[in-house]
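Engineer: Quick one: the structure is below, questions incoming.
In the numbering used here, the protein residues as written are 144 to 377.
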C-alpha cells in the first residue's frame, strides 16, 4: 500500500486532482444545495407547536395514533410542499432501517439523498450515544422530540438541545453526543456526502455483521441518489 501511495503515477494523479477538487469545493459544491437549515428549523418548530396543541386538546382514548408518527408525517408533508420532488414522496415503515456509527445505534429513514446533501429522520425510541465522526460536511440536527446532549473535547458540562432547537456541527468538528431517552431529529448534511458513507458502513464489518441491514442501507441510499440525479440534482 505504501509503495502505491508513493508511486510516481499516484503522485501525478493526486497533483492533478487536488486543485480540481479544491476548486469544486469552493465554487461548485454550495451551488448544489437546495435545502435551507433555517427553513427546516422553521418547518420543524411549526409542526412541533401544532402537535403540542393537538395533544393538549385531545381527549383520552384507547386508540390513539403515535404522536411521534404524526409529528414526522406532518413534517414530511410540509417538506413536500416546500421542496417538491426533492423529498421522497412516501414515508413508509419498510423504508426505515438501523444505523450503527461511531458507537451509536438508531433508526432512520431517508427523505433526500444526493452527492452533496442528505436529509433524514434519525433517532431512537430508547437511548443512544457515541462519536460524531469527522466529516467533510456541515450537519444540522433539529430536535423534534426528546433531547440531544453534546460535548466537545474541552466541555465540562453538556450542551443540551431540546425540541425545535438546531445543533450545527461544522465540517471537521468532532463531538461526543447522547440521546439519553427517546429522541428524534430532522438531520441535514451538506457537503461531500459519499465521503460520509464509510462511517455509516464500517461497523457492519467490525461488530454487528448485519449485512441485511447494510444491503438495505446501500440499496435505499443508491436509489434515492439516482432519483435525484435523474432530476439533475447532484
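Backbone N, C-alpha and C fix where the C-beta goes; we use that ideal spot for every residue, glycine too.
Is the beta carbon of residue 268 less than 8 angstroms from the beta carbon of residue 290?
Structural biologist: Taking the first residue of the chain shown as 1, we reach residue 268 at position 125. Taking the first residue of the chain shown as 1, we reach residue 290 at position 147. Not closer than 8 angstroms, so no.
Engineer: Shortest alpha-carbon distance to residue 171 belongs to which of 221, 355 and 334?
Structural biologist: One-based indexing of the chain shown puts residue 171 at position 28. Of the candidates 221, 355 and 334, the one whose C-alpha sits nearest the C-alpha of residue 171 is 334.
Engineer: Among 238, 165, 210 and 194, which has the Cα closest to the Cα of residue 362?
Structural biologist: As a working mapping, residue 362 is identified with position 219 in the chain shown. Residue 362 has its Cα closest to that of 238, out of 238, 165, 210 and 194.
Engineer: Which runs of the beta strand (DSSP E) spanning at least 3 residues fall entirely within the region 258-300, listed in chain order?
Structural biologist: List check, beta strand (DSSP E) in window: 260-267, 271-274, 280-288 and 291-294.
Engineer: Are there 16 or more other CB atoms within 10 angstroms of the CB of residue 257, so buried, or fewer, so exposed?
Structural biologist: Locating residue 257 in the chain shown gives position 114, counting from the first residue. Residue 257 comes out buried.
Engineer: Rounded to the nearest angstrom, how far is the Cβ of residue 244 from that of residue 346, given a contact under 8 angstroms?
Structural biologist: Taking the chain shown and counting its residues from 1, one reaches residue 244 at position 101. Taking the chain shown and counting its residues from 1, one reaches residue 346 at position 203. Rounded, the Cβ-Cβ distance is 6 angstroms, consistent with contact.
Engineer: Which ranges does the beta strand (DSSP E) cover as unbroken runs of at least 3 residues, wholly within the region 158-245, from first to last along the chain?
Structural biologist: 240-244
Engineer: If you run the structure through DSSP and keep just helix, strand and coil, what is residue 308?
Structural biologist: Counting from 1 along the chain shown, the entry for residue 308 is found at position 165. Coil.
Engineer: Distance check for residue 216 and residue 203, CA to CA, integer angstroms please.
Structural biologist: As a working mapping, residue 203 is identified with position 60 in the chain shown. As a working mapping, residue 216 is identified with position 73 in the chain shown. Any reading at residue 203 needs caution, since the residue's pLDDT is 49, under 50, leaving its predicted position unreliable; the model's value is listed next. Looking at the two C-alpha atoms, the distance is approximately 22 angstroms.
Engineer: By the DSSP assignment, the beta strand (DSSP E) with residue 248 in it spans what residues?
Structural biologist: Here residue 248 refers to the residue found at position 105 when the chain shown is read from its first residue. Counting along the chain, the beta strand (DSSP E) containing residue 248 begins and ends at 247-256.
Engineer: By Cβ distance, which residues of its chain are closer than 7 angstroms to residue 205, with the 5 residues on each side in sequence left out?
Structural biologist: To locate residue 205, count along the chain shown from 1; it is residue 62. Residue placement at residue 205 cannot be trusted, given a pLDDT of 45 that sits under 50; what the coordinates show is reported in the next sentence. Around residue 205: no qualifying Cβ.
Engineer: Which whole-angstrom value is the C-beta distance of residue 336 and residue 271, which I expect to be below 8 angstroms?
Structural biologist: Stepping through the chain shown from its first residue, residue 336 is reached at position 193. Stepping through the chain shown from its first residue, residue 271 is reached at position 128. Not a contact, Cβ separation roughly 22 angstroms.
Engineer: Could you spell out where the alpha helix (DSSP H) holding residue 368 opens and where it closes?
Structural biologist: Taking the chain shown and counting its residues from 1, one reaches residue 368 at position 225. Per DSSP, residue 368 belongs to the alpha helix (DSSP H) from 354-373.
Engineer: State the Cα-Cα distance for the pair residue 338 and residue 211, rounded to the nearest angstrom.
Structural biologist: Here the question's residue 338 lines up with position 195 in the chain shown. Here the question's residue 211 lines up with position 68 in the chain shown. Cα to Cα, the separation comes out at about 31 angstroms.
Engineer: State the DSSP-derived secondary structure class of residue 324, mapped to helix, strand or coil.
Structural biologist: Position 181 of the chain shown holds residue 324. The three-state reading of DSSP puts residue 324 in coil, since its state is none of H, G, I, E or B.
Engineer: Classify residue 303 as helix, strand or coil using the three-state DSSP reduction.
Structural biologist: Along the chain shown, one-based indexing puts residue 303 at 160. DSSP places residue 303 in strand when its eight states are reduced to three.
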